[in-house]
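Q: Residues in the sequence shown are numbered consecutively from 1, following UniProt numbering. Quick reminder that beta carbons are idealized off the backbone N, C-alpha and C, glycines included.
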Amino acid sequence: MMFSVRLVLADHYMSPPIHELDVSYSEFRGTEVEQVPVIRIFGSTVTGKKTCLHVHGVFPYMYIPFEGSGAHDRLMYQIASSLDKALNISLGKANATVQHVFKMTLVSGLPFYGFHTKEHQYFKIYFYNPLMVKKAAELLQSGAILNKIYQPHEAHLPYILQFMIDYNLYGMNHVNLKNVKFRRDPENPGSFECLSEEILLPERVSRLSTCETEADAMAADIINRTAVSDQLALNPGLAAIWEDEKQRRREGGRTSQITPQSSRERPFAASTDSALFFKQKLHEKLLLLNSQLSNNSSTLLDTPEVTKTPYPAETSEDSELLEASFVDLHIQSSGSSPFIRSGQMEQDDNASFVDEDLVLSLLSSQRRATHNSVWMDSQDEELTAVLHNLENIADIDEDSILGSQICQELQDEEIHGCDDEDMQDFSEPLDAVLDCYTDDYHQKENVKRMKERMPAK
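Right, here's the structure in full:
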C-alpha cells in the first residue's frame, strides 16, 4: 500500500512504545523501553486530505571518538551508564536510575576536522529523548565522563533536521511510505469501513489531532532514501528547483545546461566607522588571546584533561564495521540474543565513572549564564555605543529621501497647527461670538462720542 504525505510541518513528542510500531526492548541495555520519541508530520495527501503522520523508530544520535584500545563493548557500557548517571545528576535526581542512552554501536567514518585519507573508529550513541543530546554533549566535552574530554560530532543537529537528512526529506516534498496504519476515529466510526483491519490500529491507540486522517508508520517504510544516488546534489531539496529552471530555459529556446555567471567587478568601497571599530576590537582580542596562549602553553600541556583527550583510531582494511552514515532502522528482533547479556548490564557504582563535582559546577555555571543572559554583555554595550555615536553625527541632506520626509513632517505640523487654531474659533458658541462683536461696536461708539464732546483746540 503506497501512501504519501506532503511535509509541511514536523515536530516530535515522547510516548510509551506501541507494540505494533516501536521497539519495546533495548538489547544493548537489557531493559524494557519506557519512552520513545515519535516524529509527527502535518501535511496533506495527494488527494488533498489533511493528515497527521506519526513516524516511529527514529532515535537521535551523535558520535564520539574511540581510541581503539581495550574492549570496545565494555567501554560502550561504561560510557552509557556514566552518561545516565551524569544526566540524572544534572537534572537534580542523583539517586535516579533513569536510562537516557538507548544503545551504542561502533562505526567507521572520516573525521570531520583536518585532512584524512583513511577512516577512523567512532562510537554512535543513540538517545531516547532528543532534549538530552545537547546536555550530554556538554558533559562529554567537560571531562565529567570517564575523566576524558570527548569531542562530539553531529550533536548540534536538531532532531527533526537529522531525521530529514537521513531519510532524504525536505520541506514541502512528499514522504512516500510502503506501509501505514490508520488510527480509528471514535466520532466517525464508519469512516474506515472500507479498509481492512490489518491496516487499522487498535482502539487503545487514540487520535492526537483534529486532522481528517491520522496514520502511523515506521521509519523503515520510508522509501525516499532509496532515491538517493551518487550523482545527486548535496541538497536534494534543490533538485526540483533546478529541474524547473531547466524546463523554463528549454521553453525559452535556450540551452538547459546552466553555467555559472562570470563574476562582476566589485568597486572600491570605503570602510565604515562601525567596520573599522569592530576590526580594531577583533585585533585587540586576538592579541590578548595570543598572549594568554603563549603564557599558559606549558600549563595547558601538563593538564591531565588535555593528555586524556581521545583520538579516533584508524579503521583497518579488513574491518567489517558499519559506515557512520548507515541508518539503523531499529526493528525489534525476536530471536537474536542481546549484544551484551543482561547479567553484564547490571547497574552498579563500579561501572560508571562520573566526576560529580564537575557536573554540579557545570550546572551552576549554566544557571548563572541563563540568569545573566537577560543583561547586555560587553559586545552588546559596544554595539549600542557605536549606534548612538552614528545617530549623533548623522547629517541628513535636505535633498535626500530622509531629508524630504523630515521637511514634509515639519510642514504638516505647521499646517495642522493653523488648522487647530481655526477649528478652535469655529468651535466657540455663536452667542459668544456675537457678544464679542457687540461689545467692540459699543466701545467704538463711546470713543466717538467722547471725541465729539471734547472742545476743539
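#1: What are the partner residues of S108, as DSSP defines its beta bridges?
#2: Taking A217 and L177 to be in contact with their CB atoms under 8 Å, please state how far apart those CB atoms are, rounded to whole angstroms.
#3: Which residue from A94, L146, V33, G70 puts its Cα closest to that of V101?
#4: With 16 other CB atoms within 10 Å as the buried threshold, where does T213 fall?
#5: Taking the continuous beta strand (DSSP E) assigned at I41, which residues delimit it?
#6: Among V359, I79, D328, L362, whose alpha-carbon lies nearest the alpha-carbon of F163?
#7: Taking only the alpha-carbon atoms, compute the straight-line gap between Q366 and K49 and give it to the nearest angstrom.
#8: With a floor of 4 residues, list each alpha helix (DSSP H) that falls wholly inside the region 51-113, ordered by position along the chain.
#9: Since L139 and A86 should fall inside the 8 Å C-beta cutoff, what is the C-beta to C-beta distance between them, to a whole number of angstroms?
#10: Do you know whose CA, among K279, E243, I258, R225, lies nearest residue 458's CA?
#11: Looking only at C-alpha atoms, which of F115, N188, A239, T315 sits nearest to G171?
#12: Quick check: what's the CA-CA separation for E251 versus D185?
#13: List in chain order: all unbroken beta strand (DSSP E) runs of 3+ residues lying wholly within the region 152-232.
#14: Alpha carbon to alpha carbon, how far is V133 from G109?
#15: Using DSSP with H/G/I as helix, E/B as strand and the rest coil, what is L9?
#16: My output table needs one value for I241: the three-state DSSP class, helix, strand or coil.
#17: In terms of alpha-carbon separation, which member of P310, S256, T272, S90 lies closest to Q121?
#18: Looking at the strands, I want to know which residues DSSP matches up with T31.
#19: Could you give the first and the last residue of the continuous alpha helix (DSSP H) run that contains N295?
#20: Okay, do the region 63-73 and the region 36-49 touch, 3+ Cβ pairs below 8 Å being the bar?
#21: What's the call for Q257, buried or exposed, on a 16-neighbour Cβ count within 10 Å?
#22: Comparing C-alpha positions only, which one of L286, F278, P202, I79 sits nearest to E382?
#23: Less than 7 Å between the CB of R266 and some heavy atom of the ligand ATP, yes or no?
#24: Contact check, H330 vs V107 under 8 Å by CB: the rounded distance?
#25: Answer with buried or exposed for A80, where buried requires no fewer than 16 other C-beta atoms within 10 angstroms of its C-beta.
#26: According to DSSP, which residues form a beta bridge with K246?
#27: In three-state terms, what does DSSP make of S256?
#28: Just the C-alpha distance for Y61 and L363, rounded to the nearest angstrom, thanks.
#29: Would V175 and L53 be called neighbours here (beta carbons separated by less than 8 Å)?
#30: Three-state secondary structure (DSSP) at S15?
#31: If we ignore side chains and look at the alpha-carbon of each, how far apart do E154 and D11 end up?
#32: My assumption, with CB atoms under 8 Å, is that R183 sits in contact with A136. Please give the rounded CB distance.
#33: Near T255, which residues of its chain fall below 8 Å by C-beta distance, leaving aside the five closest residues on each side in sequence?
#34: Please confirm whether N173 and V228 have their CB atoms less than 8 Å apart.
#35: Which two residues bound the contiguous alpha helix (DSSP H) that contains Q141?
#36: Is it buried or exposed for S21, if we count other Cβ within 10 angstroms and need 16 for buried?
A: So, from the data block:
#1: Q121, E323
#2: 5 Å
#3: V33
#4: buried
#5: 36-44
#6: D328
#7: 45 Å
#8: 72-90
#9: 5 Å
#10: Because the chain spans 1 through 457 in this model, residue 458 falls outside it and cannot be assessed.
#11: A239
#12: 48 Å
#13: 174-177, 213-218
#14: 20 Å
#15: strand
#16: helix
#17: P310
#18: S26
#19: 273-295
#20: no
#21: exposed
#22: F278
#23: Absence of the ligand ATP is noted for the structure shown, with no ligands found whatsoever.
#24: About 15 Å; that fails the 8 Å criterion.
#25: buried
#26: Paired residue(s): none; K246 is not in a bridge.
#27: coil
#28: 22 Å
#29: yes
#30: strand
#31: 19 Å
#32: Wrong, their Cβ atoms sit about 33 Å apart, outside the cutoff.
#33: R249
#34: no
#35: 132-142
#36: In the sequence as displayed, the identity of residue 21 is Leu instead of Ser. The residue in question, L21, is buried, as its Cβ has 16 or more Cβ neighbours within 10 Å.
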